[in-house]
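Trainee: Take this structure, written in structure tokens, and hold onto it; I'll ask about it next.
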Amino acid sequence: MTAGQRQAARIGLIGVGTMGAALAGNLAERQVGVAVYDRDPARAGALAASVAGVEAAPDLVALAAALPRPRSVLLMVNAGQPVDDALAALTPMLADGDAVFDGGNSHWRDSERRAAALALRGIDFLGLGISGGEEGARNGPSIMAGGAPAAYERAAPLLAAIAARADGTPCLGWFGSGAGAGHFVKMVHNGIEYAVMQIIAETWLAMERLMGLGFDQGAARVSSWLAGDMRSYLLEITADLLQRRDPLTGRFVMEVISDRAGQKGTGQWTATAALEMGVPTPTLAEAVYARHLSAQEGDRRKIAAARPPRVRLDMEADLDQVVAPALDAATVIAYAQGLALIAAAAKEQGWKTDLAEVARVWRAGCIIRADLLQPVRDALRASPGLSNLLLAPGIADRLARGIADLRRIVSVGVIQGVSMPCMASALSYFDAYGDTRLWTVLVQAQRDRFGQHGFERNDRQGKFHLDGGAA
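Numbering (numbering that gives the first Met the number 0), first residue to last: 0 to 470.
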């Protein structure tokens, strides 16, 4: 590396796999010089040879030497132990005032731990949730940051340069002084992503099984929704996938893809965090369970063989009028659950996360980007501190237009034996949130009956037992 090259590099990047290479290209294209290091020197060298503005460092000593002080290094390695290993190797090369940014899908608690350890050495640590896949990383992702304000302010110009834009504004946001704040928001983004993907998939299955629509017809139906306020990235790719043909057989690709869906863990982390914090996110959790259930292929086939055939009923005749509003209502409810979880974590951790800013950052670049996020952002901005998105007037009006249709499609699905776990869960969540007397009246009594746990009353303060005595 020449002296001129060293001066050109403004940020270091460790890990040039799919996402790391795409981000390096994005940075270089925006005139941000990048010095890259990878455990595979050939991979780093190939990237440097193909992208102007990217230089390869043979080792971490050379990477650190290539950067101006205070140094900034972006980690793009697999979550978990690989991040700890990279930090252990990199930290001796860094000095007081340098900063490390973790752009992988790290668990938010790991980010908190790593930030605390690095702070003892005077090194700043930012947790960066980066969404958009390879395409977003190369052309503009949504970036969710958490960490010390001063470190974020220093990094913001570089991050803003590569972020996606909505209405000309970078989809980049700072969500709290805790390094885990950005990764928590990204984790919940992925939890919502799981749910919305599942809701769309259930809607497609309902159109196929209950309405008799073929793949081309389903694609046309989904495409028609993109012209209105339901437009989203996930619906756009769904319209394409339903009509796509398999190049090996000429059949529809949906006919040859296995129905066993994998996962990388962030949806499960979201469900676990919700349980830990006591925040109901049943639809997000159901999406994770749906993937686990899909893996039980052998048992599913055995049970299906003994199942009586489905019978088409007249009640399915006008479902084409309700399927789009039902999809929209379930999607809104999934967003409400995810945002409620972020609000709870922010309160618990003292992050002061602005939910309206979360909605803004998700408007472009990320996987769950959708036109819906603009009214969501407007609602949250108009009512700061709102405990649940379902209470926002504009959102409540939108739900009112679709909840009856959601109820209809779920009811028909249940009667006809078509599994719709996320749509049914969303409906149940909505119904419970609007009910003034829930099943937990009996649950409280049961707990006291077998465990003497006591219960609260609705006519006086305190905790009591079934015999009338105070608990």
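By construction, the Cβ of each residue, glycine as well, lies at the ideal position given by its N, Cα and C atoms.
Would you decide whether D58 is buried or exposed? Buried here means 16 or more other CB atoms lie within 10 Å of its CB.
Mentor: Exposed, because fewer than 16 other Cβ atoms sit within 10 Å of the Cβ of D58.
Trainee: Could you tell me whether the Cβ atoms of G102 and L127 are closer together than 7 Å?
Mentor: Yes, they are a contact pair.
Trainee: For the alpha helix (DSSP H) containing S427, name the first residue and the last one.
Mentor: It spans 420–432 - the alpha helix (DSSP H) in which S427 sits, taken as one unbroken run.
Trainee: Work out the CA separation of A47 and L125 for me, nearest whole Å.
Mentor: Taking the straight line from one Cα to the other gives about 26 Å.
Trainee: Tell me, to the nearest whole angstrom, how far the beta carbon of F214 is from that of L241; I am working on the premise that it is less than 8 Å.
Mentor: Indeed they touch by this definition, with Cβ atoms about 5 Å apart.
Trainee: For G131 versus G364, is the C-beta spacing smaller than 7 Å?
Mentor: Against a cut-off of 7 Å, the Cβ pair of G364 and G131 comes out as a contact.
Trainee: Tell me, please, which residues DSSP counts as bridged to P169.
Mentor: Bridge partners of P169: R164.
Trainee: So with Cβ pairs under 7 Å, would you call G450 a contact of chain C?
Mentor: Judged by its chain identifiers, the structure shown contains no chain C, having just a single protein chain.
Trainee: With a threshold of 7 Å on Cβ separation, who are the neighbours of A21 within its own chain once the five nearest residues in sequence on each side are excluded?
Mentor: Counting only Cβ-Cβ distances below 7 Å, and skipping sequence neighbours, we find E133, A136, R137.
Trainee: Count the other CB atoms within 10 Å of the CB of A115; is the residue buried (16 or more) or exposed (fewer)?
Mentor: The residue is exposed, with fewer than 16 neighbouring Cβ atoms inside 10 Å.
Trainee: Alpha carbon to alpha carbon, how far is A260 from A272?
Mentor: So the two alpha carbons sit approximately 22 Å from each other.
Trainee: Specify the secondary structure class of K263 as computed by DSSP and reduced to three states.
Mentor: Reduced to three states, the DSSP call for K263 is coil.
Trainee: So, with DSSP's three-state summary, where would you put G461?
Mentor: It is coil, neither helix nor strand.
Trainee: Can you tell me where the alpha helix (DSSP H) with R407 in it begins and where it stops?
Mentor: Per DSSP, R407 belongs to the alpha helix (DSSP H) from 392–415.
Trainee: Any idea what DSSP makes of A2, helix, strand or coil?
Mentor: Any reading at A2 needs caution, since the residue's pLDDT is 36, under 50, leaving its predicted position unreliable; the model's value is listed next. Here A2 sits in helix by DSSP.
Trainee: Do the CB positions of G19 and L26 come within less than 7 Å of each other?
Mentor: Taking 7 Å as the Cβ cut-off, G19 and L26 do not qualify as a contacting pair.
Trainee: Taking the alpha carbon of G401 as the reference point, which residue from Q460, G249, A329, A200 has its own alpha carbon closest?
Mentor: For the residues Q460, G249, A329, A200, the minimum Cα distance to G401 belongs to A329.
Trainee: Roughly how many whole angstroms lie between the Cα atoms of T90 and Q373?
Mentor: Near 41 Å, if we compare the C-alpha coordinates of Q373 and T90.
Trainee: Identify every run of the alpha helix (DSSP H) within the segment 9–40, keeping only runs that are complete inside it and at least 4 residues long; order them along the chain.
Mentor: Correct list: 17–28.
Trainee: Do you know whose CA, among M276, M210, I414, V195, lies nearest V322's CA?
Mentor: Answer by Cα proximity: M210.
Trainee: Give the DSSP-derived three-state secondary structure of M143 in the structure shown.
Mentor: Of the three classes helix, strand and coil, the one that applies to M143 here is strand, per DSSP.
Trainee: Can you tell which of H452, L389, V413 has its C-alpha closest to the C-alpha of A431?
Mentor: Out of H452, L389, V413, L389 has the C-alpha closest to the C-alpha of A431.
Trainee: Look at I394 and V184 and say whether their C-beta atoms are less than 7 Å apart.
Mentor: No, Cβ-Cβ distance for I394 and V184 is not below 7 Å.
Trainee: DSSP on G190, reduced to helix/strand/coil?
Mentor: Three-state result, G190: helix.
Trainee: Give the C-beta separation of V278 and A339 to the nearest angstrom, bearing in mind that I take them to be a contact with Cβ-Cβ under 8 Å.
Mentor: Rounded, the Cβ-Cβ distance is 6 Å, consistent with contact.
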